[in-house]
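According to the working numbering, the sequence shown is numbered sequentially starting from 1.
Cβ coordinates follow ideal geometry from the N, Cα and C atoms, glycine included.
Structure first, commentary second.
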Amino acid sequence: MTMNDRINQILASLDELQVQHEQDIEDLRVRMLGKKGEVTKLFEDFRTILPEQKKEFGQKLNALKNTVQEKIDALHDSINEGEDAAVPSFDLTKPGDKMDLGGRHPISITREEIISIFKKFGYSVAEGPEIEDDWHVFGALNFPPEHPARDMQDTFFIEPDGPDPVLLRTHTSSVQVRTMEKMDLPVRVICPGRVFRNEAISARAHCIFHQVEGLYIDKNVSFADLKQAILLFAKEMFGEGTQIRMRPSYFPFTEPSAEVDVSCNICKGKGCNICKGTGWLEILGCGMVDPNVLEASGIDSKVYSGFAFGMGIERIAMLKWQVKDLRHYFENDVRFLKEFDTVI
Ligand code: DAH
């Protein structure tokens, strides 16, 4: 076959060409312009033709190469256009999809509410580290060396050995100690934060939870002041008609100590399944700061006295919204979280 015939044959095959996919175009490129392609071969053969034919065929071959390249480009364009046409056209006048806004977590809502109530009473907010030492969690708070809370079974230790072991704080009472160490008296603070205990997870217990600690130290602070502060808090948190009762209790860091119940806000004290028929719900522990605790932080217990209290945020939130299982707070199931969308 003469070179002329071969050129014409290629041109004719280009006209008849049908492609559907990008791969077909790539195959064409390789077949024509690839190392062993038909056009490439013609260029190789060109070296052997007679000198007087060179000009004519040189032009023809260059034109052929351009035509093939143009054909490939045109095929690319047509396939891409086809793709564009396949995209469904949108109705730009349609209203957009509703964006779901996140809501605040019930624990955050409750924490903020507790803080804002105590701020009204003149308390400021203090924070401390979650990784603590034995002194701030236990020692300075009058826990005896053999106290069970100092056991691996109850507390997560990071460095259990040495004179002052490092651990995850088991309560926010540690921030009391840090506050007494560094703040000028009188002090009136609340300390919200996360605490950790070596507990099996169940509907009523978790190894991570949140507390708010309160501390007030001044001259002549009395148990009556404590009772008043807690009563005012309970009324703000659970409603004006709320009553409190104090039961004698024991904590190493307070003397005397009490546990506080509020009248059940569901049955208004008549007795229901939330309050287990008693009419009362326990909300916190409190007491007068033990003189040993004041002295451990360098405060003269003959001049100053104070009260402290501590409550679990999860517990307060459970009572406020009748959440029956503590695990809901950590699972972050949106169906649960959505229930709090309208709060605040
Ligand atoms: N720290 C106690 C706990 O985690 C709660 C507590 C009780 C804090 C009595 C206090 C208090 O400040 O006076 O169970």
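Just checking my contact of residue i with residue j at CB under 8 Å: how many whole Å lie between their CB atoms?
{"i": "F233", "j": "F118", "result": "7 Å"}
{"i": "I49", "j": "M1", "result": "With a Cβ gap of about 14 Å, I49 and M1 do not count as contacting."}
{"i": "E259", "j": "G285", "result": "5 Å"}
{"i": "M14", "j": "K71", "result": "Reading off the sequence, residue 14 comes out as Leu, not Met. The Cβ separation is near 5 Å, so the contact holds."}
{"i": "G306", "j": "I217", "result": "3 Å"}
{"i": "L141", "j": "P248", "result": "Not a contact, Cβ separation roughly 19 Å."}
Which first and last residues belong to the beta strand (DSSP E) in which residue i is found?
{"i": "T254", "result": "T254 to S263"}
{"i": "E132", "result": "I131 to D133"}
{"i": "D218", "result": "I208 to D218"}
{"i": "L281", "result": "W280 to V289"}
{"i": "L17", "result": "No beta strand (DSSP E) holds L17; DSSP gives it neither H nor E."}
{"i": "R305", "result": "First, the amino acid is wrong: residue 305 is Ser here, not Arg. Element bounds for S305: S305 to G312."}
{"i": "I158", "result": "F157 to E159"}
{"i": "L167", "result": "V166 to L168"}
Output the distance between the C-alpha atoms of residue i and residue j, rounded to the nearest integer angstrom.
{"i": "G310", "j": "Y304", "result": "20 Å"}
{"i": "E52", "j": "Q23", "result": "40 Å"}
{"i": "V39", "j": "F57", "result": "12 Å"}
{"i": "P145", "j": "D164", "result": "12 Å"}
{"i": "E16", "j": "R31", "result": "15 Å"}
{"i": "Y123", "j": "D300", "result": "22 Å"}
{"i": "T254", "j": "N273", "result": "32 Å"}
{"i": "P256", "j": "D290", "result": "8 Å"}
{"i": "M356", "j": "I25", "result": "Since the displayed the chain opens at 1 and closes at 344, residue 356 lies outside it and no answer follows."}
{"i": "A12", "j": "F90", "result": "41 Å"}
{"i": "I107", "j": "I230", "result": "20 Å"}
{"i": "T93", "j": "E339", "result": "33 Å"}
{"i": "R245", "j": "K219", "result": "26 Å"}
{"i": "T172", "j": "R335", "result": "31 Å"}
{"i": "I158", "j": "L168", "result": "7 Å"}
{"i": "L226", "j": "A308", "result": "8 Å"}
{"i": "G102", "j": "V293", "result": "43 Å"}
{"i": "K35", "j": "R29", "result": "10 Å"}
{"i": "R47", "j": "T67", "result": "21 Å"}
{"i": "N8", "j": "A63", "result": "12 Å"}
{"i": "S116", "j": "D161", "result": "40 Å"}
{"i": "R197", "j": "C267", "result": "32 Å"}
{"i": "L215", "j": "K270", "result": "33 Å"}
Looking at the secondary structure, which residues open and close the alpha helix (DSSP H) in which residue i lies?
{"i": "E240", "result": "From DSSP, E240 is part of no alpha helix (DSSP H); its letter is neither H nor E."}
{"i": "R111", "result": "P106 to K120"}
{"i": "E331", "result": "H328 to E331"}
{"i": "T179", "result": "S173 to K182"}
{"i": "T40", "result": "E38 to F46"}
{"i": "L185", "result": "Note, L185: premise wrong, no alpha helix (DSSP H); not H, not E."}
{"i": "F143", "result": "Segment: none, F143 is in no alpha helix (DSSP H) and carries neither H nor E."}
{"i": "V334", "result": "V334 to L337"}
What residues match up with residue i in a beta bridge as DSSP calls it?
{"i": "C191", "result": "E213"}
{"i": "R204", "result": "DSSP, once it has assigned bridges, lists no residue as partnering R204."}
{"i": "S399", "result": "As displayed, the chain neither begins before 1 nor continues past 344, which places residue 399 out of reach and without an answer."}
Is the Cβ of residue i closer than 9 Å to any Cβ of chain D?
{"i": "R111", "result": "In the structure shown, chain D does not exist; there is a single protein chain."}
_Does the contact criterion of 3 or more C-beta pairs under 8 Å hold for the region 237 to 244 versus the region 202 to 214?_
no
*With a cut-off of 8 Å, do at least 3 Cβ pairs link the region 315 to 330 to the region 190 to 198?*
no
*Could you tell me whether the region 268 to 283 touches the region 126 to 144, where touching means 3 or more Cβ pairs closer than 8 Å?*
no
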